[in-house]
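Engineer: In terms of my numbering, the sequence shown opens at residue 5 and continues consecutively. A virtual CB, placed ideally from N, CA and C, is assigned to each residue, including glycine. Take a look at this one; I'll ask things after.
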Amino acid sequence: MLMAQAAGIAPKTVNYVPFDGGGELLASILGDKVGFGVSGLGEYRDQIEAGELRLLAVTGPKRVPGLDAPTLREAGLDTEFTNWRGIVAPPGISDAERDKLTGLIRELHASKQWKESMKKNGWDDAFLAGEPFGDFLDEQDRRVATVLKELGL
5 MLMAQAAGIA
15 PKTVNYVPFD
25 GGGELLASIL
35 GDKVGFGVSG
45 LGEYRDQIEA
55 GELRLLAVTG
65 PKRVPGLDAP
75 TLREAGLDTE
85 FTNWRGIVAP
95 PGISDAERDK
105 LTGLIRELHA
115 SKQWKESMKK
125 NGWDDAFLAG
135 EPFGDFLDEQ
145 DRRVATVLKE
155 LGL
C-alpha cells in the first residue's frame with residue numbers, strides 16, 4: 005500500500021492478495037495469477053538469476069550489489085520499506101533480564117558467523133537494540149496506522 009500511495013494510487017483500489025509465504029507467492033507470479041509480488045530477495049534470487057523473474061526495483065534505501073535494479077526512489081516512488089525481524093520479550097521481564105538478553109543479542113550481532121550470514125544472504129545491517137529499536141517500532145506503528153486509516157480499517 006505504501007507503493008500505491010507513493011504512485012498516487014488510492015490504496016482502496018489496490019487488489020491486495022495475501023499469501024502465507026514466499027513459495028505460494030512465487031508460484032502465483034510464475035503462474036501469472038498475480039501481476040507482481042513483493043518479498044525478500046532470498047525468496048526470488050534463484051529465479052531472478054535464472055531469468056525466470058525480472059527484478060523491477062529494490063524497496064530498501066540502497067541498491068543490491070550485483071543486481072541491476074533501481075531503488076523505489078530512483079524509480080520515482082518516494083517511499084522505502086524493508087523486511088525486518090525483531091527479537092522481543094514479555095513486558096514483565098526485569099531490567100537485569102532485559103539487559104542480559106540485549107547483551108547476548110549484541111554479541112551475536114558482532115560475531116563472525118553473523119557477518120558471514122549477512123553477506124551470504126545480501127542482508128543490510130540495520131541492527132537496533134533497546135530504546136532505538138523501541139523508537140523504530142513506534143514509527144512503524146504510526147506508518148501502518150496511517151495506511152490502515154486510509155483503508156478504513
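Contact between the stretch 16-35 and the stretch 58-68 is defined here as three or more beta-carbon pairs at a separation below 8 Å; is this criterion met?
Structural biologist: Taking a contact to require three or more Cβ pairs closer than 8 Å, the stretch 16-35 and the stretch 58-68 do not qualify as touching.
Engineer: Looking only at its chain, what residues have a beta carbon closer than 8 Å to the beta carbon of Leu155, apart from the 5 residues adjacent to it on each side?
Structural biologist: Your numbering for residue 155 matches position 151 in the sequence shown. Apart from sequence neighbours up to five positions away, the residues of its chain that approach Leu155 with a beta-carbon distance below 8 Å are Met5, Pro15, Lys16, ordered along the chain.
Engineer: Can you pull the DSSP bridge partners for Val62?
Structural biologist: The count along the sequence shown starts at 1 and reaches residue 62 at position 58. Thr75.
Engineer: If you reduce the DSSP assignment to three classes, tell me which class Ile151 lands in.
Structural biologist: Position 147 of the sequence shown holds residue 151. At residue 151 the sequence reads Val, which differs from the Ile that was named. Three-state DSSP puts Val151 in a helix.
Engineer: Measure from the alpha carbon of Phe85 to the alpha carbon of each residue in Asp128, Asn19, Lys153, then state which is nearest.
Structural biologist: Counting from 1 along the sequence shown, the entry for residue 85 is found at position 81. Ranking Asp128, Asn19, Lys153 by Cα distance to Phe85 puts Asp128 first.
Engineer: Going by CA-CA distance only, name the one from Ala133, Glu120, Asn125, Met122 that's closest to Leu105.
Structural biologist: Working through the sequence shown from its first residue, we reach residue 105 at position 101. The shortest C-alpha separation from Leu105 is found at Ala133.
Engineer: Any idea what DSSP makes of Phe85, helix, strand or coil?
Structural biologist: For the purposes of this step, residue 85 is identified with residue 81 of the sequence shown, where counting begins at 1. Note: Phe85 maps to coil in three-state DSSP.
Engineer: Classify Thr150 as buried or exposed, calling it buried when 16 or more other Cβ atoms lie within 10 Å of its own Cβ.
Structural biologist: Along the sequence shown, read from residue 1 onward, the residue named residue 150 stands at position 146. So Thr150 counts as exposed.
Engineer: Taking only the alpha-carbon atoms, compute the straight-line gap between Leu141 and Glu111 and give it to the nearest angstrom.
Structural biologist: Residue 141 sits at position 137 when you count from the first residue of the sequence shown. Residue 111 sits at position 107 when you count from the first residue of the sequence shown. The alpha-carbon atoms of Leu141 and Glu111 are separated by roughly 22 Å.
Engineer: In chain order, what are the residue ranges of uninterrupted alpha helix (DSSP H) at least 4 long that sit wholly in the stretch 110-137?
Structural biologist: 116-125
Engineer: Looking at the secondary structure, which residues open and close the alpha helix (DSSP H) in which Met216 lies?
Structural biologist: Residue numbering for the chain in the displayed model covers 5 to 157; residue 216 lies beyond these limits and cannot be assessed.
Engineer: Apply the 10 Å Cβ neighbour rule to Leu81 and answer buried if 16 or more other Cβ atoms are within range, or exposed otherwise.
Structural biologist: Counting from 1 along the sequence shown, the entry for residue 81 is found at position 77. Buried: at least 16 other Cβ atoms inside 10 Å.
Engineer: Just how far apart, CA to CA, sit Asp2 and Tyr48?
Structural biologist: Given a span of 5 to 157 for the chain in the structure shown, any question on residue 2 remains unanswerable.
Engineer: How should Leu152 be labelled, buried or exposed, when 16 other C-beta atoms within 10 angstroms of its C-beta is the threshold for buried?
Structural biologist: In the sequence shown, counting from the first residue as 1, residue 152 sits at position 148. Result: exposed.
Engineer: In its own chain, which residues sit with a C-beta less than 7 Å from the C-beta of Ala11, not counting the 5 before and 5 after it?
Structural biologist: For the purposes of this step, residue 11 is taken as the residue at position 7 of the sequence shown. Cβ neighbours of Ala11 beyond the five flanking positions: Leu81.
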